[in-house]
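What follows is a set of notes on a single structure, which appears directly below.
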Amino acid sequence: MNATVHALPVDSEPRLPLDIQLAIVDACPDMRTRLMLVSTHKTLRKWGARLVLQPPSAHVRLYSGPAARSFFMFLLHTLAIALATVEPVGIWNLAILLANVPRLTSLTLYDPEEVLCRHPSLYDAFRRLRTLKTFQVHDAQVMAFKLVSEVASALEYVTIKPRHLHNTSRSLMLEVALGPHKYSLTHVGVTFANGLPGPHPVVFENVRELVVAVCICPGASYYMEAFPKAIYLHVGTSITMATKRDAFMERIRSQNLEAVRASHGGLVDPGDCWPSLKRVRGGLLDLYIFGNSCSVATLLIEGTIKSDWACVPVVVKSHHPAILRLSVTPSLPVDLWEKDWRMMCSVNYLVLQFVVDDQVDLESLTDTAIRAVGSFVHCKYVFLDFKATSDAAHSQLRHLNHPSLRCIVEDRQLGPFQLAVRSPSKTTYWRHCPDLGRKKESRWEVRHMAAKTNFQALYCFPKDHVTDDWV
Numbered sequence: 001m002n003a004t005v006h007a008l009p010v011d012s013e014p015r016l017p018l019d020i021q022l023a024i025v026d027a028c029p030d031m032r033t034r035l036m037l038v039s040t041h042k043t044l045r046k047w048g049a050r051l052v053l054q055p056p057s058a059h060v061r062l063y064s065g066p067a068a069r070s071f072f073m074f075l076l077h078t079l080a081i082a083l084a085t086v087e088p089v090g091i092w093n094l095a096i097l098l099a100n101v102p103r104l105t106s107l108t109l110y111d112p113e114e115v116l117c118r119h120p121s122l123y124d125a126f127r128r129l130r131t132l133k134t135f136q137v138h139d140a141q142v143m144a145f146k147l148v149s150e151v152a153s154a155l156e157y158v159t160i161k162p163r164h165l166h167n168t169s170r171s172l173m174l175e176v177a178l179g180p181h182k183y184s185l186t187h188v189g190v191t192f193a194n195g196l197p198g199p200h201p202v203v204f205e206n207v208r209e210l211v212v213a214v215c216i217c218p219g220a221s222y223y224m225e226a227f228p229k230a231i232y233l234h235v236g237t238s239i240t241m242a243t244k245r246d247a248f249m250e251r252i253r254s255q256n257l258e259a260v261r262a263s264h265g266g267l268v269d270p271g272d273c274w275p276s277l278k279r280v281r282g283g284l285l286d287l288y289i290f291g292n293s294c295s296v297a298t299l300l301i302e303g304t305i306k307s308d309w310a311c312v313p314v315v316v317k318s319h320h321p322a323i324l325r326l327s328v329t330p331s332l333p334v335d336l337w338e339k340d341w342r343m344m345c346s347v348n349y350l351v352l353q354f355v356v357d358d359q360v361d362l363e364s365l366t367d368t369a370i371r372a373v374g375s376f377v378h379c380k381y382v383f384l385d386f387k388a389t390s391d392a393a394h395s396q397l398r399h400l401n402h403p404s405l406r407c408i409v410e411d412r413q414l415g416p417f418q419l420a421v422r423s424p425s426k427t428t429y430w431r432h433c434p435d436l437g438r439k440k441e442s443r444w445e446v447r448h449m450a451a452k453t454n455f456q457a458l459y460c461f462p463k464d465h466v467t468d469d470w471v
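Numbered by full-length UniProt numbering, the letters in the sequence shown go through residues 1 to 471 in order.
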């Protein structure tokens, strides 16, 4: 009796752990076979550079086979490498590789200083690259800053994270490192702007996104002048995470504010000094010290605010946002916000998260939430998230009474209003449309949804402005 045997479909990407796949490729006897195997597999293609730079045998030579050269010419677009971990043979191969990657657009170097100093030929190979759009350097020192300034590519996206913050070398200043790319740059990410700027800083007209992880000095006035058309600004959270407000911090803030005023005719309240900005994010104290004075669409305060509550109205007033997102703890002394409500009148959308890490009185928490929202007197759209960070808090928040928060909507007299409340038990969404003269009573809409409902799924949520994972 004849039996029919059905052929199993060929799996183009075998479901094996990556380390096993790499071990198989590593066992290939020659470079041609290795590259043929790698180039037919999407996952392994991403690891092709590492396989060649860390060969099992010193006899492997990248230049010896046409297959190797064609592989890198047509497939290698991104290269991220920790130079300090590459063997001498790999350094030699890397220099040859860089001469044969006409489609390489993104380069990331980790801890490159010692290797760049010891291998001038490799430094020159990096410097001659003409196709890069993105260049990121971690643990950068003098040679890395020099390389950024000398690379032949017209860089668009640059991120530099220096190893040491306190270094006054002129070679590490932004004007020197980034100046040659001032016409092509659209994104700049730096840990800090080293040194005090001169009377006429280099102006980066085309930069639209600016990330400054540490911005104590210089403050906003320097960045306003150097990046006049920036749309997105991120000032980091390093100050907020490390300290609390003190006298030294107040002096720095005063100096930064005075510099902004001086650059705008000495006005006490200079208004919108950075008109291009649309979205600003950072830690509360980082934003407080920065000394900004602008009018933005979105202000995202990073981290959970556990103290320095009085800084919130000040920071909101300095940025005049229509959309505000922040996280607080139940210990919020809401009276500090209530007395400064005039500073927060610009807010139309409020995304407020209460982070609960222990037992809490639910009635007190509800009252705090209602009063906190009431401090934003012109707010029309409110999204409240009650997040538990412990089992005890999670169990307690499951009993949060959502209808008790509806008075936030009922007390409004300024037109259409929408409220979403999310807790570990469920999500509730109210939409309130007052009488417009055609009906005797206001119209209510209420929806009950799952506990993990994403706020971005709601029609009224400003999803293009607030993109945090937790919303």
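All residues carry an ideal CB built from backbone N, CA and C; glycine is no exception.
>> Alpha carbons only, please: which of I252, S276, P321 is nearest the one belonging to I231?
In response: S276
> Where does residue 490 sit, in a helix, a strand or coil, going by DSSP?
Replying inline: The chain is shown only over 1 to 471; residue 490 falls outside these bounds and no answer can be derived.
>> Assuming contact is defined by CB atoms lying nearer than 8 Å, are Y349 and P180 in contact in what I supplied?
In response: no
>> Could you give the first and the last residue of the continuous alpha helix (DSSP H) run that contains residue 472?
In response: Outside the displayed span of the chain (1 to 471) sits residue 472, for which this structure offers no information.
>> Can you tell me whether A297 is helix, strand or coil according to DSSP?
In response: coil
> Using DSSP with H/G/I as helix, E/B as strand and the rest coil, what is R447?
Replying inline: strand
> Got a sec, what are the start and stop residues for the alpha helix (DSSP H) L272 sits in?
Replying inline: A small fix is needed here, since residue 272 is Asp in this sequence, not Leu. Here D272 belongs to no alpha helix (DSSP H), and DSSP marks it neither H nor E.
>> In the DSSP assignment, the alpha helix (DSSP H) including I231 goes from what residue to what residue?
In response: Premise fails: I231 is in no alpha helix (DSSP H) and is neither H nor E.
>> Among S238, V190, V148, whose alpha-carbon lies nearest the alpha-carbon of L132?
In response: V148
> My guess is that A388 and K426 are in contact by the Cβ rule of under 8 Å, so how many angstroms apart are they, rounded?
Replying inline: Between K426 and A388 the Cβ distance is about 14 Å, and since that is not below 8 Å, they are no contact.
> Do L419 and T366 have their C-beta atoms within less than 8 Å of each other?
Replying inline: no
>> Check this for me: beta carbons of W309 and L336, under 8 Å apart or not?
In response: yes
> Which class does residue 474 belong to by DSSP, given the choice of helix, strand or coil?
Replying inline: This structure gives no information on residue 474, because the portion of the chain shown stretches from 1 to 471.
>> Looking at V355: is its Cβ nearer than 8 Å to the Cβ of I408?
In response: no
> Among residues of its own chain, excluding the 5 on either side of A95, which ones have a beta-carbon nearer than 7 Å to its beta-carbon?
Replying inline: S121, L122, A125
>> Considering Cα atoms alone, identify which of L324, S254, S423, S153 is closest to V466.
In response: L324
> S307 to C345, Cα distance in whole Å?
Replying inline: 22 Å
> Since V203 contacts G236 with CB under 8 Å, what's their CB separation in whole angstroms?
Replying inline: At roughly 23 Å, the Cβ-Cβ gap does not stay under 8 Å, so V203 and G236 are not in contact.
> When the Cα atoms are used, what is the spatial distance from G283 to D246?
Replying inline: 16 Å
> Residues bridged to F135 by DSSP?
Replying inline: L107, V158
>> Does the stretch 286 to 301 come into contact with the stretch 220 to 228, if we say contact requires no fewer than three beta-carbon pairs (one atom in each stretch) closer than 8 Å?
In response: yes
>> Please state whether the Cβ-Cβ distance between P321 and T298 is less than 8 Å.
In response: yes
>> So S375 and V334 are supposed to be a Cβ contact under 8 Å. How far apart are they, rounded?
In response: 7 Å
>> So, for R61: in the same chain, excluding its five sequence neighbours on each side, which residues have a beta-carbon less than 6 Å away from its beta-carbon?
In response: Model confidence at R61 stands at a pLDDT of 40, short of 50, so the residue's coordinates are unreliable; what they give is reported in the following sentence. The answer is none, since no qualifying residue turns up.
> Near L116, which residues of its chain fall below 6 Å by C-beta distance, leaving aside the five closest residues on each side in sequence?
Replying inline: Y123, M143
> From what residue to what residue does the beta strand (DSSP E) around H187 run?
Replying inline: 187 to 190
> According to the neighbour-count rule (16 or more other Cβ atoms, all chains shown, within 10 Å of its Cβ), is Y238 buried or exposed?
Replying inline: According to the sequence shown, residue 238 is Ser rather than Tyr. Its Cβ being crowded by 16 or more others within 10 Å, S238 is buried.
>> Could you compute how far the alpha carbon of P424 sits from the alpha carbon of A393?
In response: 10 Å
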